[in-house]
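Counting with UniProt numbering, you get residues 1 to 386 for the letters of the sequence shown. Just so it is clear, CB atoms sit at the ideal spot from N, CA and C, and this is done for glycine as well. Note sheet for the following structure.
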Amino acid sequence: MLRVLFSKSAGRAVRQAGDAFGSASFLKLMVMSEAGFTRVERPQDSIPQQPRRGYPPRHFRTSAVARNEVEVFVDGKPVKVEAGSAVIQACEKAGVHIPRFCYHERLSVAGNCRMCLVEVEKSPKPVASCAFPVMPGMKIKTDTNLVKKAREGVMEFLLANHPLDCPICDQGGECDLQDQSVRYGSDRGRFSEVVGKRAVEDKDLGPLIKTTMTRCIHCTRCVRFANEVAGFQDLGTSGRGNDMQIGTYIEKTMNSEMSGNLADVCPVGALLSKPYTFNARPWELKNTESIDVLDALGSNIRIDSRGVEVMRILPRLNEDINEEWISDRTRSAYDGLKTQRLTTPMVRKGDTFVNVNWVDALQKVASEMKSAGPGIKAIAGQLADA
């Protein structure tokens, strides 16, 4: 009497042998008889193929493994998110905006600003939604009186040491602290200090970043960006609590081609662009989408101009190319547009160039290219170096 032993290990061995040797492989089975264990070898071709009922045989997987999703309820609205996601990600997917300062989609979780507090069922107190993972069937509330009171208290503590210099701050008009204090804060503060607000000495971070560290709210976005994205470990924190400060090692300047992005990740006016300081306000600028020509990536950028003058260049979101970062070279390239910039089409007449409209300019280009005949053609402006 023979009995074939089927086990998970035997099944894996058979599949591995079939994958490794193909149709010429041998199917090895352990068979138990009265005399003990023996090994029976048969060519795989001798075993009849049994196709699945109603389907042709399939030798490889054609579909991706489904992600493990859990269902949660945000303000009573069901939403499915990937297992392991943070509560703040579930709220964003449900269309509910959660205020935040330290949280950033591309940086590690810090959980130190406490502005993203939400109420979770069966939790004794509000939780930080950026650092709290979702659970199946979790019920999240983002607009209760407890949440509003908690956010108002957090905002009050953030403003306790923050200077009220919004009229002279370049971040004014596009400041997260300014916007969220209006929406989630109180109309007055109960906290006062006899010796005055905290004062911190400014740092020298290089030629592109202007620091006003008294405005810092200790979100540590800049530190995490420097370490995790830009790859330079120059920024760090020292001290604890109210005495905490952000700076560089032995007060040295940063040596990185990505340092200009610190002004973008800072939610307040602690880190600003030094070349842009006191030049314009956000509501005065016209935003134009463009592509950077100074690198081989084709980074997506946004050009902010006032009239015919370019005031600054900022990154534009593109997940496939530059995400939301640009190099310092790209950020500072607008200096070359301040002198001898072509603002209208010009056509040569004699020894001089005269301004024309676009229709006449394009007709002139077309006629010149036709008259040149077959061959290499090029179009260059008056300021071309070629």
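- For the pair Ile140 and Cys91, the CB atoms are nearer than the 8 angstroms cut-off.
- Listed in chain order, the alpha helix (DSSP H) elements of length 4 or more contained wholly in the stretch 164-213 are 176-184.
- Taking C-alpha positions only, Arg188 is separated from Ala160 by approximately 11 angstroms.
- Rounded to whole angstroms, the separation of the alpha carbons of Ala333 and Ile217 is 31 angstroms.
- Bounds of any beta strand (DSSP E) do not take in Ser327, whose DSSP letter is neither H nor E.
- Contact check for Asp204 and Leu272: beta-carbon distance about 14 angstroms, past the 8 angstroms limit, so the pair fails to qualify.
- Between Arg215 and Leu107, the CB-CB gap reaches or exceeds 8 angstroms.
- With contacts defined as CB atoms closer than 8 angstroms, Leu262 and Cys222 qualify as a contacting pair.
- Classified as buried, Lys210 has 16 or more neighbouring CB atoms from the shown chains inside 10 Å of its CB.
- Relative to Ser123, the option among Val109, Asp320, Met138 and Gly111 whose CA is nearest is Met138.
- A Cβ-Cβ distance of about 36 angstroms is found for the pair Arg183 and Glu257, leaving them out of contact under the 8 angstroms criterion.
- Comparing alpha carbon positions, the residue from Thr212, Val200, Met155 and Ser371 closest to Arg190 is Met155.
- Residue state for Gly153 is assigned as helix, using DSSP reduced to three classes.
- With distances taken between CA atoms, Thr144 lies nearest to Glu121 out of Ala131, Glu121, Leu158 and Pro133.
- Within the model, the alpha-carbon separation for Thr344 versus Trp358 is close to 8 angstroms.
- For Pro78, the closest of Arg114, Val87 and Ala94 by C-alpha to C-alpha distance is Ala94.
- Burial state of Glu284 is exposed, judged by a 10 Å Cβ sphere holding fewer than 16 other Cβ atoms.
- The beta carbon of Asn242 sits closer than 8 angstroms to those of Asn161 and Arg198, all from its chain and outside the five residues before and after it, given in chain order.
- Take Val147, set aside five residues on each side of it, and the residues of its chain with a beta-carbon closer than 8 angstroms to its own are Leu117, Val118, Glu119, Pro126 and Lys141, in chain order.
- Secondary structure at Ala94: coil, using DSSP grouped into helix, strand and coil.
- Glu69: not part of any alpha helix (DSSP H); member of the beta strand (DSSP E) spanning Glu69 to Val74, first to last residue.
- Contact check for Ala86 against Glu69 fails: the beta carbons are separated by 8 angstroms or more.
- With a 10 Å radius around the Cβ and a threshold of 16 neighbouring Cβ atoms, Arg316 comes out buried.
- Under the three-state reduction of DSSP output, Ser259 falls in the helix class.
- In this structure, the alpha-carbon of Pro282 lies about 34 angstroms from that of Val74.
- Nearest Cα to Ile326 within the set Ile301, Gly336 and Met311: Ile301.
- Annotated three-state conformation of Pro374 is coil, per DSSP.
- In the structure shown, Ile303 adopts extended strand secondary structure according to DSSP, grouped into three states.
- DSSP, reduced to helix, strand and coil, places Ile88 within a helical segment of the structure shown.
- Nearest to Gln245 by C-alpha distance, out of Lys252, Met254, Leu235 and Thr253, is Leu235.
- Residue state for Phe225 is assigned as helix, using DSSP reduced to three classes.
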